[in-house]
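Peer 1:
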Amino acid sequence: MIKVAPSILAANFNNLLDEVKSVESADYLHIDVMDGHFVPNISLGACVYKGLKNQVDLVFDVHLMIKDPKKYALDFIKAGADILTFHYEALDTKQEIHELIDFIHNNNTKVGISIKPNTKVEVLDEFLDKVDLVLVMSVEPGFGGQSFIPTALDKISYLKNKKINENKKYEIEVDGGINKETSKLCVDAGVEVLVAGTYIYNNKDRKLLIEEMQNLWFIN
Ligand code: DX5
Ligand code: ZN
Numbered sequence: 009m010i011k012v013a014p015s016i017l018a019a020n021f022n023n024l025l026d027e028v029k030s031v032e033s034a035d036y037l038h039i040d041v042m043d044g045h046f047v048p049n050i051s052l053g054a055c056v057y058k059g060l061k062n063q064v065d066l067v068f069d070v071h072l073m074i075k076d077p078k079k080y081a082l083d084f085i086k087a088g089a090d091i092l093t094f095h096y097e098a099l100d101t102k103q104e105i106h107e108l109i110d111f112i113h114n115n116n117t118k119v120g121i122s123i124k125p126n127t128k129v130e131v132l133d134e135f136l137d138k139v140d141l142v143l144v145m146s147v148e149p150g151f152g153g154q155s156f157i158p159t160a161l162d163k164i165s166y167l168k169n170k171k172i173n174e175n176k177k178y179e180i181e182v183d184g185g186i187n188k189e190t191s192k193l194c195v196d197a198g199v200e201v202l203v204a205g206t207y208i209y210n211n212k213d214r215k216l217l218i219e220e221m222q223n224l225w226f227i228n
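The opening position of the sequence shown corresponds to residue 9 in this note's numbering, with each subsequent residue numbered one higher.
1) Within the same chain, show all residues whose beta-carbon is closer than 6 Å to that of P77, passing over the 5 residues directly before and after it, in chain order.
2) Is there at least one non-hydrogen atom of the ligand DX5 closer than 7 Å to the beta-carbon of H71?
3) Are the Cβ atoms of Y36 and D69 separated by less than 8 Å?
4) What does DSSP give as the partner residue(s) for L72 in the beta ladder?
5) Taking 8 Å as the cut-off, decide whether the C-beta atoms of K86 and H45 are in contact.
6) Considering only the alpha carbon of each residue, which of L17, N20 and S30 lies closest to D213?
7) Quick check on the DSSP output: the beta strand (DSSP E) that includes P77 runs from which residue to which?
8) Span of the beta strand (DSSP E) holding E179?
9) Considering only heavy atoms of the ligand DX5, does any lie closer than 7 Å to the CB of A18?
10) Going by beta-carbon coordinates alone, are D140 and I91 separated by less than 8 Å?
11) Which residues mark the beginning and the end of the beta strand (DSSP E) in which V201 is found?
12) Between which residues of its own chain and A54 is the CB-CB distance below 6 Å, once the five residues before and five after are set aside?
13) Give the range of the beta strand (DSSP E) segment to which T93 is assigned.
14) Use the C-beta contact count for E200: other C-beta atoms within 10 angstroms, 16 or more gives buried, fewer gives exposed.
15) How would you write the range of the beta strand (DSSP E) that D122 sits in, first residue to last?
16) Going by DSSP, what residues sit across from I50 in a beta bridge?
17) Less than 8 Å between the C-beta atoms of Q222 and M73, yes or no?
18) Rounded C-beta distance between E174 and S33? I'm assuming under 8 Å.
Okay, here's the thing in C-alpha cells:
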C-alpha cells in the first residue's frame, strides 16, 4: 500500500482539529513549518501541532522549511514529531548534516532529508544509509497549490533503484502538486509516500480519495 500524507497547510485553520480528523484514514499527517527565511512564507510552529498530537491517530510527519533546523529540532521533537525532515540546502556542511541526523535519532525520532527541485539527488548519497525518509520536493517549497515539476520523477526512480539494489531502508516521499494524475506518475516511478494538500482538502470525500491513493501500486 502507498502511504498518504495530507498536508494541513491546505486545511481550514479555523477548524483545525476537525480538519485533521477528516483525514484520519491516511497514514501520516504532513505538517509544513516555514520561517519566512528559508522560504518566502510563514506557516505554523511547534505550539500549533502540539495540541493536535494526542487527538488523532496519525504519524506526525514534520517538514521543516527553516533556515536553522539545528536550533529548533528539539522543540519540534518535544511537540510530537514522529518523523522530522529538514532540508539539505539549509545546512552549510556535510558534517552538520551528519550531526543533525544523529541528534534527531538520539532523541528517538525518525529523520527525513529533503531536496528542492534544483538540487541534484546524488548529493544525498552519503546520507542514504542513515535516514529513514527522503522527501523529494516536486514544487519550489513555500506554498501549496503549485504545479508539479516533472524532474522529481527521475529523482524518485534514482532513489528507488538505489534502495532496491543497495538494500537501503528509507521511505521515498514526494511533496507538491500531487493530484490524481501526478500521484500515479510518482507511484510508477517508485514513490512510497504521497503528500497532498490542495488535492485532498479541496475534496469533499477525503476518505475515498485517500483510499484511492493508498491503493495505487508500484509496477516495475
Ligand atoms: C510546499 C509544502 C507542501 C504543500 C503541498 O512547500 O511543503 O507540503 O502543502 O501542497 P499541494 O499539495 O497543494 O501542492
Ligand atoms: Zn511539505
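By construction, the Cβ of each residue, glycine as well, lies at the ideal position given by its N, Cα and C atoms.
Values in this document were obtained by computation on a predicted structure and should not be read as measured data.
Peer 2: This is what the structure gives:
1) Closer than 6 Å at Cβ, skipping near neighbours: F94 and A98.
2) H71: yes, Cβ under 7 Å from the ligand DX5.
3) Taking C-beta atoms as the reference points, Y36 and D69 count as a pair closer than 8 Å.
4) The partner list for L72 (beta bridge, DSSP) reads V41.
5) No, these two residues do not count as a Cβ contact at 8 Å.
6) Comparing Cα positions, the closest option is S30.
7) Boundaries around P77 are those of the alpha helix (DSSP H), P77 to K86, since no beta strand (DSSP E) includes it.
8) Its beta strand (DSSP E) spans residues E179 to D183.
9) For the ligand DX5, at least one heavy atom lies less than 7 Å from the Cβ of A18.
10) Note that the C-beta distance between D140 and I91 is below 8 Å.
11) V201 to A204 is the extent of the beta strand (DSSP E) around V201.
12) Counting only Cβ-Cβ distances below 6 Å, and skipping sequence neighbours, we find D83, F84 and A87.
13) Element bounds for T93: I91 to H95.
14) Of the residues assessed, E200 falls on the buried side of the cut-off, its CB having 16 or more other CB atoms within 10 angstroms.
15) Before going further, note that residue 122 is Ser rather than Asp in the sequence given. Annotation: the continuous beta strand (DSSP E) that includes S122 extends over K118 to I123.
16) In the DSSP assignment, I50 is bridged to D43.
17) Between Q222 and M73, the C-beta gap is not smaller than 8 Å, which leaves the two residues out of contact.
18) Going by Cβ atoms, the distance from E174 to S33 rounds to 33 Å, so no, they are not a contact pair.
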